[in-house]
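S.K.: Position one of the sequence shown corresponds to residue 270 (the numbering used here), numbered consecutively onward. We put the CB at the ideal spot given by N, CA and C, even for glycine. These figures come from a predicted structure and were not determined experimentally.
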Amino acid sequence: MIASPLPDLVGRHRECAALDDLLVGLRDGGSRVLVIRGEAGIGKSVLLKYVAAQASRVKVTWAQGIEADMELPYASLHQLCTPFLDELDELPEPQRDALRVAFGMAAGDPPDRFLVGLAVLTLLTRASETRPVLVLVDDAQWLDQVSLQTLEFVARRLLAEAVAMAFAVRDPEGQAALNGLPALRIHGLDTAAAGELLEAAVGGRLEKRVRDRFVAEMHGNPLALLEFSRGRSAAELAYGLDSSSYPSVQGPVASRVERDFAGRLGSLPAATRTLLLIAAAEPVGDARLLVRAAASLKITPYAAPAKAAGLIEFGESVRFRHPLVRSAVYHGADPEERRAAHRALAEATDPVLDPDRRAWHAAQAADGPDEEVAAGLEQAADRARQRGGIAAEAVLLERAAEVTPDPRPRGRRALAAAEAHFSAAAPDRATELATVAELCPLSALDRARLARLRARILFARSRSDEAAPLLLEAAAQFTAAGSPLARETYLEAISATIFAGRVHGPTGARAAAIAARGSGAPPSGSKAADLLLDGVAALLADGYETGVPALRCALDLLEHEELGTREAAVRWLLLAPVALEAFIHYAWDLHAWDTLASRAVRLARDIGALGALPPALIYAGGVHIHYGDFAEAARMIDEADALAAATGHAPHKYATLVLAAWRGKADVAAAIVDEARQTAEQRGEVSLLGAMGYIQGVLFNGLARYEEALEAARTGIEHDGFNFTGLSLVEHVEAATRCGELDQARASLARLVELTRAADSGWARGAGARSQALLADGDEADRLYRTAIDEFGRGGVAVEVARTHLLYGEWLRRDNRRSLAREHLRTAHEMFDKMRAHAFAERARRELLATGEHVRARENKPTSALTPQESQVATLAADGMTNARIGAELFISPHTVEWHLRKVYTKLGINSRRALPGALASAPATDIREEDTVRTG
270 MIASPLPDLV
280 GRHRECAALD
290 DLLVGLRDGG
300 SRVLVIRGEA
310 GIGKSVLLKY
320 VAAQASRVKV
330 TWAQGIEADM
340 ELPYASLHQL
350 CTPFLDELDE
360 LPEPQRDALR
370 VAFGMAAGDP
380 PDRFLVGLAV
390 LTLLTRASET
400 RPVLVLVDDA
410 QWLDQVSLQT
420 LEFVARRLLA
430 EAVAMAFAVR
440 DPEGQAALNG
450 LPALRIHGLD
460 TAAAGELLEA
470 AVGGRLEKRV
480 RDRFVAEMHG
490 NPLALLEFSR
500 GRSAAELAYG
510 LDSSSYPSVQ
520 GPVASRVERD
530 FAGRLGSLPA
540 ATRTLLLIAA
550 AEPVGDARLL
560 VRAAASLKIT
570 PYAAPAKAAG
580 LIEFGESVRF
590 RHPLVRSAVY
600 HGADPEERRA
610 AHRALAEATD
620 PVLDPDRRAW
630 HAAQAADGPD
640 EEVAAGLEQA
650 ADRARQRGGI
660 AAEAVLLERA
670 AEVTPDPRPR
680 GRRALAAAEA
690 HFSAAAPDRA
700 TELATVAELC
710 PLSALDRARL
720 ARLRARILFA
730 RSRSDEAAPL
740 LLEAAAQFTA
750 AGSPLARETY
760 LEAISATIFA
770 GRVHGPTGAR
780 AAAIAARGSG
790 APPSGSKAAD
800 LLLDGVAALL
810 ADGYETGVPA
820 LRCALDLLEH
830 EELGTREAAV
840 RWLLLAPVAL
850 EAFIHYAWDL
860 HAWDTLASRA
870 VRLARDIGAL
880 GALPPALIYA
890 GGVHIHYGDF
900 AEAARMIDEA
910 DALAAATGHA
920 PHKYATLVLA
930 AWRGKADVAA
940 AIVDEARQTA
950 EQRGEVSLLG
960 AMGYIQGVLF
970 NGLARYEEAL
980 EAARTGIEHD
990 GFNFTGLSLV
1000 EHVEAATRCG
1010 ELDQARASLA
1020 RLVELTRAAD
1030 SGWARGAGAR
1040 SQALLADGDE
1050 ADRLYRTAID
1060 EFGRGGVAVE
1070 VARTHLLYGE
1080 WLRRDNRRSL
1090 AREHLRTAHE
1100 MFDKMRAHAF
1110 AERARRELLA
1120 TGEHVRAREN
1130 KPTSALTPQE
1140 SQVATLAADG
1150 MTNARIGAEL
1160 FISPHTVEWH
1170 LRKVYTKLGI
1180 NSRRALPGAL
1190 ASAPATDIRE
1200 EDTVRTG
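1) Near A807, what residues of its chain come up, given a Cβ to Cβ distance below 6 Å and the 5 sequence neighbours on each side ignored?
2) What residues match up with K328 in a beta bridge as DSSP calls it?
3) May I ask which residues mark the beginning and end of the alpha helix (DSSP H) holding V772?
4) Quick check: the Cα distance between L1076 and L453, rounded to an integer number of angstroms?
5) So, do the segment 549-561 and the segment 613-627 have three or more beta carbon pairs nearer to each other than 8 Å?
6) I'd like the list of long-range same chain contacts for L288, defined as Cβ closer than 6 Å, with 5 residues on each side in sequence excluded.
7) Three-state secondary structure (DSSP) at R588?
8) In chain order, which alpha helix (DSSP H) runs of at least 4 residues are fully inside the segment 968-1006?
9) What whole-angstrom Cβ distance do V423 and V370 have, given they're in contact under 8 Å?
10) Suppose the cutoff is 7 Å on Cβ atoms and the five residues either side in sequence are ignored; what does the same chain contact list for A617 look like?
11) Please work out which residues of its chain come closer than 7 Å, Cβ to Cβ, to A973, disregarding the five sequence neighbours upstream and downstream, and give them in chain order.
12) Can you tell which of A573, A635, Q414, H456 has the C-alpha that lies nearest to the C-alpha of G584?
13) Locate the beta strand (DSSP E) running through G307, then write down its first and last residues.
14) In three-state DSSP terms, what is R499?
15) Relative to the C-alpha of Y260, which candidate in G995, E1158, L534 has its C-alpha closest?
16) Who pairs with A452 in a beta bridge, going by DSSP?
17) State the DSSP-derived secondary structure class of D639, mapped to helix, strand or coil.
18) Per DSSP, which one or two residues make a beta bridge with Q333?
19) Look at the Cβ atom of G310, then the Cβ atom of L467, and state whether they are nearer than 8 Å.
20) Going by C-alpha to C-alpha distance, which of L450, R480, A539, R779 sits closest to A915?
21) Compare the C-alpha of R1055 against each of R1039, R306, L427 and name the closest.
22) Please classify T351 as buried or exposed, where buried requires at least 16 neighbouring CB atoms within 10 angstroms.
23) Taking DSSP's pairing of strands, which residues face R730 in a bridge?
24) For Q947, is the classification buried or exposed, using 16 other Cβ atoms within 10 angstroms of its Cβ as the cut-off for buried?
25) Flag this pair as touching only if the segment 407-418 and the segment 1170-1179 have three or more C-beta atom pairs under 8 Å; answer yes or no.
26) If you reduce the DSSP assignment to three classes, tell me which class R1112 lands in.
27) Does DSSP put A375 in a helix, in a strand, or in coil?
28) Beta-carbon within less than 6 Å of D378's beta-carbon, same chain only, minus the 5 sequence neighbours each way: which residues are those?
29) At the level of alpha carbons, what is the spacing between V293 and S586?
30) Helix, strand or coil for R1105? Go by DSSP, reduced to three states.
31) F1160 lies in the beta strand (DSSP E); which residues open and close that run?
32) If you pair each beta-carbon of the segment 666-680 with each one of the segment 692-709, do three or more pairs fall below 8 Å?
33) Which of the three DSSP states is assigned to E671 in this structure?
34) Within 10 angstroms of its Cβ, does H600 collect 16 or more other Cβ (buried), or is it exposed?
35) State whether the segment 878-897 contacts the segment 914-928, with contact taken as three or more CB pairs (one from each stretch) at a distance under 8 Å.
36) What three-state label does DSSP hand P274 in the structure shown?
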């Protein structure tokens, strides 16, 4: 006999052991996540029941996904969080408000779903302070989309909380759900266990050959073994299931079981079958609603035969024995019967308390176009949007369009559905609905919206330079319609060319800028956005001398413009990348870069826009690279990567690569550069090609591999993109002079002088002066190097100050001025060594050795140094922030904050928060471990 942890759980020792380990870790105060995967009927739900039964001294909360076309935002999440809502008032205000709006408990701006996720994480963490919390989610593939996304976010952010999560996911339907989380795949029972289960079901022993044949036919699927043997004796199974007598045994196991369930329905009374159909059409399982709907159809809710057949359970809620029973009931009915059931449910649903569900059932009951039904769905879609349920909004609008009789409002609703599907990351469905909208009469404004949507879909799929002309066409249509969206769309068109296209040519950024300049588009409603468009357009259309001053006119408003609503803040965050690229690559303004990136980080944190926070952190990390604070840059990059992983976005590789290049990590950078270059060539991302040229230029110049630096930097200056040309020119001049390619160096210097003249910043003047010094001799070179050091210092560009000391020292040594050379080389070495810019530090060390000075190579730091997140948590704690506030700032739970602080105390040799400021002040910033911060993507 095979032992069983539960009477009806046979042959699942491995699976039960994994769940037991989950509970052990949970009771020890640790976080655990497990995704149980397998086909229908394989035993996933039973395993969840097993772990719930074993979870003594643990708070258990459930959510159940139910197959339905209806998408009600946050419905499953609300179900799961209900036991803990008495703690809601204890959450930080932004989290509390976001959760209340999401659950329909209050009105407000549509919340960011990741802020809702943080609120759920905090809520579960607070609940776990008295007892560990176990979250169980069955049939996760059928949760409403935003609930599933939110729970996945929570699962990825768990670290030190006494919270465990176990999900059951049916394959193949749920193959795309919860990927990357720890998984336990469930297969069919082995022959011995399946035979034991089968014999227990039929109440007698079976001859081995017969038993093994039946088990093989069912592929060891427990539900199939139990259901096909239900009510059949051992004698009836003597020769297996004859497909002529039981046609349901043919096909996949799940389909066979569903057909078997359907076969049992035929023997039930008509009233019972109708009652089951009403229950199948209403996924919530509200028994009182079922009774009211049955009364509407004038049937007695006679459920006893269905209960006797093992198909359904009745109590305060209605539960089918298995989701396949629901599917068999619903799909086995003819369309008119299904419409009648939905009609009854619509009539029985309270229009005030649950208008969305009523609207949905009314739509399912409609047998043709119906404007009243369509209007109800449109209103439900608006309520879904207000709660942050974009996927639900899209589904509701799509159904509204389907039942709209008049082609004009049908087109408007189809377009709105397409836009919502695109926002919900469903571009294929968005394309289909855009086609529906295109076939309907649309207003001029809606035609412009449609053109913009098609361009956005194209750009999202391929970064194609074909998107810009479509965006320009949409902007022109917005202009003709007098819409404030015109200038925003022109800026979006220029942005598309900046990141994916070229500056010149018919589809380039300059052509887009000229079109925007001549459009006469009305104001957008944001003066900062309008001035930014004017500045960028002038930069591209008129050149640097006119464009840079025009760009600077936008800076004050970009820094200080009041953003009174969440929508205004989101729009500002959408503008930020274009503004930052312009101020970095044309104004050469590190202060503006710092100011705008810092505001972007602050805004994204304040409104909980976790989708916008990683790129903002990457820009902010870039600032700190140029300040020479690699440790702070690494912390920001680490946080950005962690948030990107938690939110399901690809990591941003630019800053990781730039940091690796400045550190001289050729092995780390090589794989990422090759992958990024291949991606750029495949997708036509010119800006990425330019970035690779600059990054490899820095890397190989630092390593003194000048021929490779020359070739790489040439790529950066020939890519005809908006960004990285100037920075690549700086690298090219140095590499070319070292390779003796003086004509190339002079040509690049001339371009650099032209590019930086209008900027008139310390960074720009320093770059020009140093590059000229590399081609000068005697007193002129000496003067230019000193000027470059001063100018880079004024601009705050510490890495370039150190680099100029290095180049000046190298030149002085070759000019036989060893004493002065030693002074500058020593400064360069100390600065680079402190930054951990290894390659440049090694260059400086070798030069110092050549002057006769002995320099000790840096010893490796102990492995007890702080990780980036530990350092960030420690810094905020030293500034006086509470754990709750630190958690809200970094989108982690207070328990995780405390867990990090305990590790910090151990590593710094302290035992209290009061000692943090002094300990951090005495610990060098370079204690940040590089292996934690330089990643391969």
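M.R.: Answer, in terms of the structure:
1) T815, G816, A819
2) V402
3) Here V772 belongs to no alpha helix (DSSP H), and DSSP marks it neither H nor E.
4) 57 Å
5) yes
6) These residues qualify, in order along the chain: V320.
7) strand
8) Whole alpha helix (DSSP H) segments, 4+ residues: 975-987.
9) With 8 Å as the limit, V423 and V370 do not qualify as a contact, their Cβ atoms being about 18 Å apart.
10) L558, R561, A562, S565
11) In the same chain as A973, and ignoring 5 residues on each side of it, the C-beta atoms closer than 7 Å to its own belong to R1112, in chain order.
12) A573
13) 301-307
14) coil
15) Coverage of the chain is limited to positions 270 through 1206, which leaves residue 260 absent and any answer about it impossible.
16) V304
17) Three-state DSSP puts D639 in coil, outside helix and strand.
18) Its beta-bridge partners are D407.
19) No; because the gap between Cβ atoms is not below 8 Å, this pair is not in contact.
20) L450
21) R1039
22) exposed
23) In the DSSP output, where bridge partners are listed per residue, R730 has none listed.
24) exposed
25) They do not touch, by the three-pair rule.
26) Here R1112 sits in helix by DSSP.
27) coil
28) R835
29) 32 Å
30) coil
31) It is not in any beta strand (DSSP E) - F1160 carries neither H nor E in the DSSP assignment.
32) yes
33) helix
34) exposed
35) yes
36) Its pLDDT being 46, under 50, P274 is placed unreliably by the model, and the measurement read from it follows with that caveat. Here P274 sits in coil by DSSP.
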